[in-house]
Amino acid sequence: MTYDHKAIESKWQDRWEAEKTFEATEDPSRRKFYSVAMYPYPSGEVHVGHIRNYTYIDLITRYKMMQGYNVLAPMGWDSFGLPAENHAIETGKHPKPNVEGQIVRMKQHFRQLGAGFDWTRELASHTPEYYRWDQWLFIELYKRGLAYKASAPVNWCPKDQTVLANEQVIDGLCERCDTPVERRELEQWYLRITDYADRLLDAIDTLDHWPDRVRTMQRNWIGRSEGATFVIEVDGGGSFEVFTTRPDTIFGMTFCVLAPEHPLVESLVSGAENEQEARDYIADALRASEVDRMAEGGKTGVFTGSYAVNPVNGKRVPIYIADYVLMSYGTGAIMAVPGQDQRDWDFAKKYGIEIIRTVQPPDDWEGDAYEGDGTTINSDFLDGLGMEEAKKRIIAWFEEKGIGEATVQWRLRDWLISRQRYWGSPIPIVNCESCGLVPVPEEDLPVLLPHVEDYAPKGKAPLAGVDEFVNTTCPICDEPAKRETDTMDTFVDSSWYFFRYADAHNGDAIFDPEKAKYWMPIDQYVGGVEHAVLHLLYARFITKVLYDMGLSPVEEPFERMFTQGMIVKDGAKMSKSKGNVVAPDHYYENFGADAIRIFELFVGPPTDDAVWNDSGVPGAKRFLDRVWKLGTTGHDFVDRPEGESDRDLIGLTHRTIKRVTDDIDRYRFNTTVPALMTLSNELQSYVAGGPRKETFDAAFDALLLMLSPMAPHIAHELWERRGHGSMLASEQWPAWDEELAREETVTMIVQVNGKVRDRIEVAADITAETAQELALASDKIQGWLDGSEVTRIVTRPPKLVNIVLD
RNA sequence: GCGGGUGUGGCGGAAUUGGCAGACGCGCUGGCCUUAGGAGCCAGUGGGAGAGAUCCCGUGGAGGUUCAAAUCCUCUCGCCCGCACCA
Numbered sequence: 010m011t012y013d014h015k016a017i018e019s020k021w022q023d024r025w026e027a028e029k030t031f032e033a034t035e036d037p038s039r040r041k042f043y044s045v046a047m048y049p050y051p052s053g054e055v056h057v058g059h060i061r062n063y064t065y066i067d068l069i070t071r072y073k074m075m076q077g078y079n080v081l082a083p084m085g086w087d088s089f090g091l092p093a094e095n096h097a098i099e100t101g102k103h104p105k106p107n108v109e110g111q112i113v114r115m116k117q118h119f120r121q122l123g124a125g126f127d128w129t130r131e132l133a134s135h136t137p138e139y140y141r142w143d144q145w146l147f148i149e150l151y152k153r154g155l156a157y158k159a160s161a162p163v164n165w166c167p168k169d170q171t172v173l174a175n176e177q178v179i180d181g182l183c184e185r186c187d188t189p190v191e192r193r194e195l196e197q198w199y200l201r202i203t204d205y206a207d208r209l210l211d212a213i214d215t216l217d218h219w220p221d222r223v224r225t226m227q228r229n230w231i232g233r234s235e236g237a238t239f240v241i242e243v244d245g246g247g248s249f250e251v252f253t254t255r256p257d258t259i260f261g262m263t264f265c266v267l268a269p270e271h272p273l274v275e276s277l278v279s280g281a282e283n284e285q286e287a288r289d290y291i292a293d294a295l296r297a298s299e300v301d302r303m304a305e306g307g308k309t310g311v312f313t314g315s316y317a318v319n320p321v322n323g324k325r326v327p328i329y330i331a332d333y334v335l336m337s338y339g340t341g342a343i344m345a346v347p348g349q350d351q352r353d354w355d356f357a358k359k360y361g362i363e364i365i366r367t368v369q370p371p372d373d374w375e376g377d378a379y380e381g382d383g384t385t386i387n388s389d390f391l392d393g394l395g396m397e398e399a400k401k402r403i404i405a406w407f408e409e410k411g412i413g414e415a416t417v418q419w420r421l422r423d424w425l426i427s428r429q430r431y432w433g434s435p436i437p438i439v440n441c442e443s444c445g446l447v448p449v450p451e452e453d454l455p456v457l458l459p460h461v462e463d464y465a466p467k468g469k470a471p472l473a474g475v476d477e478f479v480n481t482t483c484p485i486c487d488e489p490a491k492r493e494t495d496t497m498d499t500f501v502d503s504s505w506y507f508f509r510y511a512d513a514h515n516g517d518a519i520f521d522p523e524k525a526k527y528w529m530p531i532d533q534y535v536g537g538v539e540h541a542v543l544h545l546l547y548a549r550f551i552t553k554v555l556y557d558m559g560l561s562p563v564e565e566p567f568e569r570m571f572t573q574g575m576i577v578k579d580g581a582k583m584s585k586s587k588g589n590v591v592a593p594d595h596y597y598e599n600f601g602a603d604a605i606r607i608f609e610l611f612v613g614p615p616t617d618d619a620v621w622n623d624s625g626v627p628g629a630k631r632f633l634d635r636v637w638k639l640g641t642t643g644h645d646f647v648d649r650p651e652g653e654s655d656r657d658l659i660g661l662t663h664r665t666i667k668r669v670t671d672d673i674d675r676y677r678f679n680t681t682v683p684a685l686m687t688l689s690n691e692l693q694s695y696v697a698g699g700p701r702k703e704t705f706d707a708a709f710d711a712l713l714l715m716l717s718p719m720a721p722h723i724a725h726e727l728w729e730r731r732g733h734g735s736m737l738a739s740e741q742w743p744a745w746d747e748e749l750a751r752e753e754t755v756t757m758i759v760q761v762n763g764k765v766r767d768r769i770e771v772a773a774d775i776t777a778e779t780a781q782e783l784a785l786a787s788d789k790i791q792g793w794l795d796g797s798e799v800t801r802i803v804t805r806p807p808k809l810v811n812i813v814l815d
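Set out below in structure tokens:
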């Protein structure tokens, strides 16, 4: 027996639409709940792996609605950017109609899944109504000094023909196409996220409802290190600054190293004995990508011919140029202390440089450099101090001499947002020969992205070839001027879209702060862990900026963050290139959305990756078929007083409500389904043995209420067929009664020396004395005691009695 | 190297947080039923011994704490993820 899932599912999808079940309005008299799934790229087709997080967000949405919250669950489209553009290039269709076609298809798919979203707030980042506010935000950032243009070495992807942010380079490869990234010196636009480094780092401690993994990743990414910066003089003139986290080891400095890009290098090398050798080394280093530099294996460098003077003792030490020192971190120059730093040790060994230990290693130390804490030695006035004390002392000395101070360094770099690609929001800046960089006035926004037929990447911005776009007049002096032709990183669009949902159609402002005040922060955010340091960091940054502008009511946008695992097949993430994609069509056709949803919930812990199993959805359908049968076939009800079987079923029902409620609250969605299966199985045996109508109704209605956020179509249909007047979605989530949930009898286990030897059915409120008496009275237990002396009896009524023999 | 996670039947995974290991489902085995289906029903399904009641072993490995350990502690091995010549 199987129910007609197709008819039922489309019926209820129509009903939810017609009755605006998921449309939300601000209502200060009600508690709000704002639940958001990361808005998707509308490119490529939906597969069973994508369905998982929409099943989760929909479960949460429906559950919270039943708990009486005013729930907002909007949906939109991350429709600008490389994925959409590359997809367009592949298919030979212009990105705009391409993206818009995909949006229609995906929206249809969300309907088919039964996902409850408020479509009145739908937004898409490629529309001028949306990206106008991207541009507005950019100009606000520019006015506050948080957006700037600078020339610097950048990551260049030769395949995608554009620059990339640091966050988009994975192991030296482009995160989108796995092409090794090259280094180029280019003038680019940056957002000054480093100004917010300390606030972004400190607030991580307050994100109690985020996964530890994501918090750790963000902490590492921001990467704060405390140390000191001080000046080192070059013997013969000149000086440079170094940053170190171990100023306490300064007496062990036996050489210094400058990055090949360091500004002092030119003057040191010029006229040096080995000038040609040095110049060759520098040229090689500059050409190599950072990956190549690391791949070298073993450190390389070249002597400059110059010496630095150690400020603490006047000792002359050689200055090297080596590519293991990066210009982009610290000051691009280091004091090298081989005794306490393994990298410096390796270098010193290779070039025959002296090694002085300034920290006493442990007696059993057999390694090279000793990087741990210990007593300071060979260090004059620092001798005998521990590491922390020595650091304080030497920093005080720097300050006294006026050559240095305590400083903090960050790993985080500014966010490079310009892209030499077509499909993005144009950067709203005009270059005027006399006025310089001029923001486009607010009333002239948006700067429309022109329709371009040939948008294939060529290494420079496609918009640069569109004369009528480029040529404009300066908003200040009205003279001819040229527009910026780069577009913005799509991560700019996605760093504030969740504010726009609160006021999606506002034509006069980015959003009304009053509306944001009602909905923000997002109570539940759901998305993939791949955004742990990209989107989630950028969104936190922009939220803090909006907060400082007085627009956001909160400093942190995401109260609870949930990262769902992927669906894998054949040991790999589903992807077209791997050829392991499972399309859901067959499952919708034969088993229905509810069965797919039940399986996706059941498949495993939500945060873990899960393996796709072709038999899983049919298995889930079998469960739903049994529920259907229970709800639609006539039972031989008996008119009789309540008995033991009734009390058992009622007890199980209340325990199930408690369990499922608790599991959902703790995101243990995978264990909610078995709890309902167990209740359904019990109901099945109950109706076979002379059921009472009242008991059945109470248990079955509770089952439907709990099933409704998971398998909403079948639950709604059965609810209606059972004659309830209201729509299930507007019912209250069931409550449990502690009294009824309590079991009357429990199986007490009796152990002898910790091994289970008997099980006795006892009253739940049994006393310790009775439990012991019953245990000792058992024939089985007596057999095990066999005259041995009982040394101790541990009693935990009503669960267990453990009899300990000598 | 640093940081985070994880290891339980043929498979996905449960275990109320120290108290019956393997819930629930998939798969498999046997049986029943049938207008033969991707159906339904019944029984079984960690390994070993036994006709059986039952017994022994068992949560990557080795120790430990405890009346009692998948769970806590120490060491160790494997796998996954993040960061990484970051001074």
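Read in order, the letters of the first sequence correspond to residues 10 to 815 in my numbering. By construction, the Cβ of each residue, glycine as well, lies at the ideal position given by its N, Cα and C atoms.
Hey, how far is the Cα of residue i from the Cα of residue j?
i, j, result
"A268", "M336", "5 Å"
"V475", "K102", "20 Å"
"P137", "L457", "7 Å"
"C441", "L545", "36 Å"
"F42", "V647", "44 Å"
"W25", "T804", "55 Å"
"E149", "P450", "11 Å"
"K469", "H96", "20 Å"
"E363", "D353", "11 Å"
"P347", "A378", "6 Å"
"I407", "T416", "The question names Ile, but residue 407 is Phe in the sequence shown. Straight-line Cα distance between these residues: approximately 12 Å."
"W745", "T681", "15 Å"
"Q693", "T572", "37 Å"
"T188", "W374", "43 Å"
"G559", "T64", "35 Å"
"P83", "T779", "59 Å"
"D293", "I179", "23 Å"
"Q177", "W505", "19 Å"
"Y464", "R430", "8 Å"
"F126", "F500", "23 Å"
One question on the structure: do residue i and residue j come within less than 9 Å of each other, judged by their Cβ atoms?
i, j, result
"I775", "D767", "no"
"R233", "A206", "yes"
"V761", "L814", "yes"
"A317", "D392", "no"
"T552", "V542", "no"
"I328", "L277", "yes"
"D389", "N322", "yes"
"P466", "T171", "yes"
"E477", "P459", "yes"
What residues in its chain sit with their C-beta under 7 Å from that of residue i, if we drop five residues either side in the sequence?
i, result
"T754", "E770, V771, A772 and A773"
"L273", "G247, F249 and L267"
"K29", "none"
My understanding is that residue i touches residue j, with C-beta atoms under 8 Å, so please give their C-beta distance in whole angstroms.
i, j, result
"Y199", "W424", "6 Å"
"P320", "I241", "7 Å"
"L216", "I231", "The Cβ separation is near 13 Å, so there is no contact."
Output the boundary residues of the alpha helix (DSSP H) element that contains residue i.
i, result
"W406", "M396 to K410"
"D127", "Note, D127: premise wrong, no alpha helix (DSSP H); beta strand (DSSP E) at D127 to A133."
Cutting at 8 Å between CB atoms, please list the residues of its own chain near residue i, excluding the five before and the five after it.
i, result
"P37", "Y527"
Provide the residue span of the beta strand (DSSP E) that contains residue i, from first to last.
i, result
"P162", "A156 to C166"
"R192", "E191 to L200"
"F500", "Run containing F500: none in the beta strand (DSSP E); it sits in the alpha helix (DSSP H), T499 to D502."
Examine the ligand ATP and report whether any of its heavy atoms sits within less than 8 Å of the Cβ of residue i.
i, result
"D512", "The model on display carries no ligand, and the ligand ATP is accordingly not part of it."
Which same chain residues end up closer than 6 Å to residue i when comparing Cβ atoms and leaving out the 5 residues on each side of it in sequence?
i, result
"A684", "T665, R668 and V669"
"H725", "W21 and L737"
"E493", "I436 and I438"
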